[in-house]
Structure formats: structure tokens, C-alpha cells
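Below: the structure, in C-alpha cells.
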Amino acid sequence: MQRRVFMKNGALALVTMGLSPTLLRRTVFAQDLVRGSASLGNARGKVLICLFQRGAADALNVVVPHGEPAYYRLRPTIAVPRPTLATANSAIDLDGFFGLHPSLAPLKPLWTQGILAPVHAVGSPSSTRSHFDAQDYMESGTPDRKSTKDGWLNRYLALRGTCEDCGPGKPDSLFRAVALSQQTPRILMGPAPAVAINSFEEFAVRASGAAAENIEAMYATGRADVVHAAGGEMVEAMKALRASNPGQYQPRNGAEYPRSPFGQRLRQIAQLIKADLGLEIAFADVGGWDTHVNQGGATGQLAARLGDFSAAISALVTDMGDRMADVVILTMSEFGRTARQNGSGGTDHGHAGCLFVIGGSVKGGKVHGRWPGLEAEQLNEGRDLALTTDFRSVFGEVVRKHLGATALDRIFPGFSPSEIGVI
Amino acid sequence: MRYVIGLVVLCAGLGCSGTLKRWDPPLAVPAIQSDLRRDQQIDHALSRLTYGARPGDARRLRSLGLERWIALQLSPDRIDDRRTDSILASYRRLGTPTNQLVALTRDARAARQQQQRDSSRTMAAPRRADSAMDSRRALQLTYAEVASAKLTRAAVSERQLYEQMVDFWANHFSVFSGKGQTRVFIPAYERDVIRPNAMGKFRTLLGAVAKSPAMLFYLDNAQSVADSGHRTLGNVRLMIGVGGAGRRARGLNENYARELMELHTLGVDGGYTQLDVIEVARALTGWSIDQRGGAFAFRPAMHDADEKIVLGQRLQSGRGLEDGEQVLDILARHPSTARHITRKLVVRFVSDSAPPALVDRCSAVFVKSDGDVRETLACVVTSPEFFSQAAYRGKVKTPFELVVSAFRATGATPDHTPRSSQIVARLGQPIWGRQTPDGWPDRAEEWMNAGAMVNRVNFGLMMASGRVPGVKVGVVDPKVGAMLSTPEFQRR
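Chains as they are written, first to last, in this note's numbering: chain A, 1 to 423; chain B, 1 to 492.
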């Protein structure tokens, strides 16, 4: 119940009664935002794009340890073949030991440019194999602690630059944190503002002027409850978005986004960034990674998912062009999968996984993280890739070095991060 | 007035219960204790125990008496619902048996592949193309009817509490139509597994779900085979592969076993370990699907016949199907399960915060009644907590609830096409479209945000205009129409 919407609506209610100068200021900013959002946004600020692969992506077939003999013993029918020029259906070599899945070919140029950094054997120290728990932990940022109410991205937002801290003339953008989704994801839940938008086209009240104004008024004022709070957000967001005219968007540099939902979401993130509405955190997720059955190897089910995933990311990077200097893309998935293939040509819930950090400031061209090996005695519980890097070390480094966060002990409470050197 | 009472009540005979079995005896509902005014109590009962009041419902309920009305809703077999039956009679594909859908799917696939081969050579053979089209079309129509019928029932059935429980269990035992073949099994899942057991004993429902091809396929138990370290009840080489993958391979698949405990019964903090997950998965090996007929099949050759220990209880070696049955017995009767299920009922019907005292009281009823859903539900919906100021208008409607309540307020009914259910999907809650097995969330903040609100407002505007693709809307009273896009209409 402690979502920001409550605070905000409470704010509006208090403002009406003339009780809270801080909150009044906030409302005034909201008005400014409506009048001329482009001039007020945090133009060309740093942006972090978090992409969640829900369902536990099979890390060993994403960043393939082709130099590891055990990999081929454990996965007789689903391993990605060692790199060879003879066929496109083999791993794309990175450093002689690791390779990318062939469907990740669109990411290879980013590696070559040094802006793509895979981190391997990374994940949550929690031993849970439940999707829900593990996603919850990765989004709350507190493994094995279920009582955490807010998401770690929201804690970052709340700690840095809520309107209580920011001076006049530097308002919190309503679009500072945006999830391209129907519902606010766990990672962005909490007291700081976050907007969930499924798509821009749908984001307008379909009524004539007076009727629309009437509806907007009903939602923008009234009881201090979760409905009016979300309604108030809706009204502000619609006005700001109208002002930025997103319908005219053309991707740059010949970028072609896949027509898939994920591709279209990344396209809209690019639009938001270029609209200079003050976007700082963007979030999107993509499902289909829970490959228990018949996942395939160099081709097949997982390959198709990876094809969409990499084409969308590659398009976004192309589209952003020079702006990638200010943008970091951080991918994540709740855990990896069993090192050994199961009886159904798939893999079950495992432990450590891999992720990508992409951006102009990223130390790419290197696979980060210590490789634990895949021999029987090296596996976690005898079955999964062991964990050598806590996800919080990577996430923490990204928000610290890219976004300039300082209070890491409050974003990831009770955790001492290690230096990864990914940025 | 009398006429209406007669129509609803004088249906105690067996004749008018349609396909519903009888649940005896009818539950007596004591006088409601409440800090709400009587008119608020009636308003509240209608907004929570039905999918929203139709014009005139409050008057009808008052004349029947609140307690009597609740008692009736708790005995749906005693409610005359012939009007719904006659509307549903036009859904001709709802009863399609699974084996027919399996055959249609096979035909459609074969025809499509043939078409691809043909077209790569020369021109497609038109007859084949037609037959592919026919099978595909038949499947699409069936799936559209399943979704549309769910909306129709929710909108027009007099057995409103029963329809809510059908939805509750469909969501509790959620499956995703988009995962492989799951879709093929869903018509029978809803028709033969969820609906007949929605107000009976929990153990019966749990057992029916465990043996349903929909769940066996969705959570992969159909694929789970004894690990090679364990002996089975037959020659594994003779085993027929499921889904075309890994025909000769063996291996345990823990997916269903884990969700069975985490989501369906004990709850995530219900007191089980990873070892229990493995042991339950072993006990359930061999619970699979006969691919031809699309029915449950126990396959001894896949079943791990060694001893298992589940939550401290020993399952002897050398047994077959009984292993899984015993696991379901243990789980259905575990106190954590009583709490988990009761808490979800309280969140659905009373409030997002689920008053702990009410959960305690009603989970005791669950235990004492051997998991009787109707008795537990009666405890929840007749409680002072249910009829309290704190709960009154305190829930936010899910998209499905919003759509159905708008249908009821305006007397609208969905047509048979997929367009009606696409309305619910666009609002963020596609029918049988939850990917993860946890089902749709039932808490306000999960549904309330700027993006969702725009879609909700636009849906209200569309309904008010009376022009909604896929929905038969009559002339909408302007007062009712104006209400549909208000903040108040988002609540129940």
C-alpha cells in the first residue's frame, strides 16, 4: 500500500488544504511539466535500461563456455557447437574460451567495439529454485528476505533526487522511471514515482475535449486513495506525453526494431530517451526462457528467443548512436539452469547465470566474473553453474559508477559489494 | 416481487440444477453482524459476491433477505439458471472433447507442413490448404468460445458466487494457454476439472487438477521420468515419448512438484525443503498424458518405484499411482494448506490485508470440514470482517471484474467471437493468459497505475457509447454510462 501514488495523492489533498510547502512545490512542478516538459526534463542525463529475462535464461547456452570439455559431456544433444567457420550454427567466439550463442550475432559488433560486457557465473546467493522467489529477490535486491516492500531501483530513485532534495527549477520528471509494461514491476515498486505504460498509442483518453477534461478532473482530485493516485499520475503523464509528440518518431541510423512486443518496447524506450522527458530508469521484461523441454541447441526454441532479444537490443544501440555514451543497458534473469540437460531435451531450474552490461562507459570486450568450471566437484549442489559474483555487486557498480549513486548500503542493505570493473 | 423470489427459490427440486451436482445440506446463514447500514450491507454483498449489481438487484436482494440470499448463493444447485443455460446452448463447441481437439491440432499441423512442402515445390494443393484452414478455424472458434463463455457466465449467471469460485480456482490453479499444447487441454480443464469441483472438497479438486492434461503439460510433469539411479515399474525403453522430445532420455522434472507445494497447497513458507520437492517429483513420476486421447495416463515405466520420504512421511517402495495420491492426501490435509487457501479466499472476498483473526477462524473451518470449500467460504463471506466499514468498497476491480461489472450494469452480453475477451486482454488480464503459474494478483496496487488507468477509462467510455466490438450493448442510460469511467467504478 505504500506505493508512491499514495504519497502523491496525499500530497495533492494536503496542497488543497494549503498544508505542505514541499508537496506544494511538487505539484507546481507537475504543472510546469504540463506546460513545457521538454525544457524542464533532465535532458541528456544518464539513463539506465534494465531488461529482465523472466523464466531463468539458460546462461550456459547464452554465453557458451566452448573451451570447457565438461560442457559438451553434460549436454550431449543441446550444447552449442564449438566455433567453426564451416557453419553459422556454432558458437561465435569471443576470447577463445567463451562464445556467444549464434542467435546473438547482432551483439558481436558491440563486443568488438568494446561496449558489451558479459558477466558470467553471476546471480543470487539464495538457493531458491522458485521463479517467483528468485525474481522477487532480484527485484527487491534482498535475497532470502521476503519482507522487503520496495524494489531496488525504486530505492535508488527515492534516495537520489526526490523532490525533497532537489532545488527549485529541477523538478522530478514524471517520466524519470518508466516501465514498459501493463503493471508496475516489483523492481520499481516503492515510494518514488514510477509510471507503467504499455504503449504510447493507447495512452490518451478517447473523448472529446470537454468530456476528457471532466474525466481528468475526476481522477486528478478527490479521495486520497490508490485509485485517485493512479488517476492523478495518468493525467500528468498524458499531458506530458502529448507535449512531446511521440507519434512522429523515426529510428535513426537505419535501426530496425523487431516487430515483437519486446522489440516494440525497446523502440518506445528509445523514443522516451530522445523526447528528453527526463527519463533516467527504464524497465522492460521478456518471457519465454523457462526451457524445461526441447530447448534446442544452436537452433530451436531458445535460439528463437535469443534472436529476438539480441535484434531488439542491437536496434536500440544503433538507434541511440552517440547517445550510448550516456546509456547503460543491464540485462538480468532470476537464475541459470541446470548444467546437465534433463530427460526432456531441456534444462531445469539452476543457480548462477550470466548477464550483459552494454554502454559507452562499459568496459566491454571482456567476459567478467570468475569462471568456476563445470566438472562434477565444481558444480553447485552437483548440478548447476556455481556462483562467483553476487548480482548486487554488478547492479551496485552500475548505479554507482553510471548514475552516481552513493548510498549503496541503503539500495542493497546488508551487502558488501565487490569491485567487478565492468564500468 | 413475490414472483422474483419464487423464481429464485422454488427450485429446490433436482430438475433445475442443470449440470450442477447437489451440495447437501444447504448451509444455514446466521444473522449478519455488521457495522454497516443494511443498505450498505446489501450493496456490499452485491459488489463482492456477484460481479456487480444489475439494475434492480438491490431491490430483489432486499425483498428476499440478505441471509437467505447468501445461503442460496452458497447452494448454487438450488438456483434456477435456465436463462444462462439457454444462452450457453448457442456455444456449440464448449463441449468438444479433448481427443477431438488433439486430432484437429494434428490435422492442422500436418496440413500446414504439407502446404509448406507443396508450396516450396509448385503451387499449393488447394484441397489440402482448405482442410488446414478448416481444422485451424475449428480450433480458433473453440478457444474463442471458451473465453467468451467465461465472460458470459460471469455476466448473466444467477449463480454469481459459484462463478466467482470457478474464477478463483481457475486462477489458483492457473495454466497458460500460450505454452505449447496447453491450449488444447484448457476447454476440458475448465469444464471437467474446475467447474464441477469449485465448491466441493479441496482434495477432490486438487486430485482432478493433478490428473488434468492441462496442468500435467503446463508444469511439465507429463515429461518427468525416474532418474536413472532409481528403478521403475517397467521397461523404460517401451515408454512412449511425450511432446516429441527426448524420447529415449530419462530424467526428473521438478516443475510441478515445486509449484504444487509453493502455489497450490502449502504456500511458499509452508514448511517444505528442496529435498521435499525432489521426493514429491519422484512420487509423481509416471503421472502423464495419453497423447492420442489427451487424457490422464499413469505410465509405470516412468514411475520411480523406490522409497520416498515426503514431509517426514514414508512412501513405501514398489508402489505406483498410490504414491502420488498419498502425496496429495498429505498436502491437502496439511495445516499450511488450510491457511494458504483460506488467506487467498479472504484476500479475494474481504480485503487485500486479510485480517489475521479471520484467516485463523476460517482456516480452522477448512481443517475441521476436511477442506470443504463451501463451508470455508461461508465462514469468510458471512463474517463481521466481510461486512465491515473497513472492507466496504475497499477492493479494486481486476480488469476481468471491471469488464463484467460494466456488462452487468448495462445489460450487455459478449458475442461468440474472440473480440469480447480481447477487451479483458487489452486491460492487462488475458483469459488463460497468465504466463507464470502464480495466477493473477488480487491486490489493488498490482493493478493501479497510470497506464492501466487510461485503458480502464477508455473502456468505460466505449461501453457508455454502446459501441464495443464483440459486445451486444443496448441503449445505455446516460447516468449509468457516465458512471462507467469514474474512479468509484474501479472499486467494488
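Virtual Cβ for every residue (Gly too), placed ideally from N, Cα, C.
Discussion item. Could you pull the DSSP bridge partners for F288 (chain B) from this structure?
Written reply: Note on identity: in this sequence residue 288 (chain B) is Ser, with Phe being the wrong assignment. S288 (chain B) pairs with B:A297.
Discussion item. Taking CB distances under 8 Å as the criterion, tell me whether Q182 (chain A) reaches chain B.
Written reply: yes
Worksheet item: Could you check where the beta strand (DSSP E) with K308 (chain B) kicks off and where it finishes?
Response: K308 to V310
Discussion item. I'd like to confirm the pairing. Which residues does DSSP put opposite D384 (chain A) in its beta bridges?
Written reply: A:T338 and A:N380
Worksheet entry | Unbroken stretches of the alpha helix (DSSP H), 4 residues or longer, contained in the segment 54–92 of chain B | 57–64, 66–73 and 82–88
Worksheet item: What are the start and end residues of the beta strand (DSSP E) that includes L330 (chain A)?
Response: V327 to S333
Worksheet item: Distance, Cα to Cα, A229 (chain A) vs L174 (chain A)?
Response: 13 Å
Discussion item. For S34 (chain B), which residues in the same chain have their Cβ closer than 6 Å to its Cβ, ignoring the five residues on either side in sequence?
Written reply: Q41 and F387
Worksheet item: chain B partners of F356 (chain A), CB-CB under 7 Å?
Response: Within 7 Å Cβ-Cβ: nothing; F356 (chain A) doesn't reach chain B, min ~23 Å.
Worksheet entry | Where K472 (chain B) falls, given that 16 or more other Cβ within 10 Å makes a residue buried | exposed
Item to complete: Output the boundary residues of the beta strand (DSSP E) element that contains R339 (chain B).
Response: It is not in any beta strand (DSSP E) - R339 (chain B) instead sits in the alpha helix (DSSP H) that spans P335 to F349.
Worksheet item: Which of the three DSSP states, helix, strand or coil, is assigned to H228 (chain A)?
Response: helix
Discussion item. Please state whether the Cβ-Cβ distance between E397 (chain A) and I411 (chain A) is less than 8 Å.
Written reply: no
Fill in: Helix, strand or coil at G96 (chain A) [DSSP, three-state]
coil
Practice prompt. Starting from the Cα of T493 (chain B), find the closest Cα among B:G481, B:N458, B:L266 and B:T417 and give me that residue.
Written response: The shown model of chain B, from 1 to 492, leaves out residue 493 (chain B), and the question about it has no answer.
Worksheet item: For S485 (chain B), which residues in chain A fall below 7 Å Cβ to Cβ?
Response: I215
Discussion item. Is there a Cβ of chain A sitting closer than 8 Å to that of R231 (chain B), yes or no?
Written reply: no
Item to complete: Could you confirm whether any beta carbon from chain B is found closer than 8 Å to the beta carbon of V362 (chain A)?
Response: no
Item to complete: Measure how close the beta-carbons of V226 (chain A) and E445 (chain B) come, nearest whole angstrom, since I'm counting them as under 8 Å.
Response: 6 Å
Discussion item. If you follow the beta strand (DSSP E) that Q313 (chain B) is in, where does it begin and where does it stop?
Written reply: Q313 to L315
Worksheet item: Name the chain B residues whose beta carbon is nearer than 7 Å to that of A231 (chain A)?
Response: Position check: residue 231 (chain A) holds Gly in this sequence, whereas Ala was assumed. Near G231 (chain A) (Cβ distances below 7 Å), the residues of chain B are M453 and P487.
Discussion item. I want to see whether chain A comes within less than 8 Å of G481 (chain B), judged by CB atoms only; does it?
Written reply: no
Worksheet item: Does the separation of the CB atoms of L101 (chain B) and G371 (chain B) fall below 8 Å?
Response: no
Worksheet item: What span of residues does the beta strand (DSSP E) with I281 (chain A) cover, start to end?
Response: I281 to V286
Fill in: The alpha helix (DSSP H) enclosing I269 (chain A), as first and last residue numbers
P261 to K274
Item to complete: Please compile the residues from chain A whose C-beta is within a distance smaller than 9 Å of the C-beta of L284 (chain B).
Response: Per Cβ cutoff of 9 Å: no residues; L284 (chain B) is ~14 Å from chain A at best.
Practice prompt. Tell me whether L275 (chain B) is buried or exposed, calling it buried when 16 or more other Cβ atoms sit within 10 Å of its Cβ.
Written response: exposed
Item to complete: Report the rounded CA-to-CA distance for P413 (chain A) versus V80 (chain A), giving the unit in angstroms.
Response: 39 Å
Item to complete: Please compile the residues from chain B whose C-beta is within a distance smaller than 8 Å of the C-beta of R206 (chain A).
Response: N458, L461 and M462
Worksheet item: Rounded C-beta distance between A110 (chain B) and R203 (chain B)? I'm assuming under 8 Å.
Response: About 41 Å separates the two Cβ atoms, so there is no contact after all.
Discussion item. So N61 (chain A) contacts chain B; which residues on that side make the cut at Cβ distance below 7 Å?
Written reply: Residues of chain B passing the Cβ test: none, with the nearest at roughly 16 Å.
Worksheet item: Going along the chain, which residues of its own chain have a beta-carbon closer than 7 Å to the beta-carbon of V235 (chain A), five neighbours each way excluded?
Response: E216, Y219 and A220
Practice prompt. Have a look at F415 (chain A) and H349 (chain A) and give me their C-alpha separation to the nearest angstrom.
Written response: 25 Å
Fill in: Nearest-angstrom Cα separation, counted from L49 (chain B) out to G65 (chain B)
15 Å
Fill in: L241 (chain A) to V394 (chain A) span [Cα, whole Å]
33 Å
Item to complete: Could you tell me if P478 (chain B) is buried or exposed, where buried requires 16 or more neighbouring beta carbons within 10 angstroms of its beta carbon?
Response: exposed
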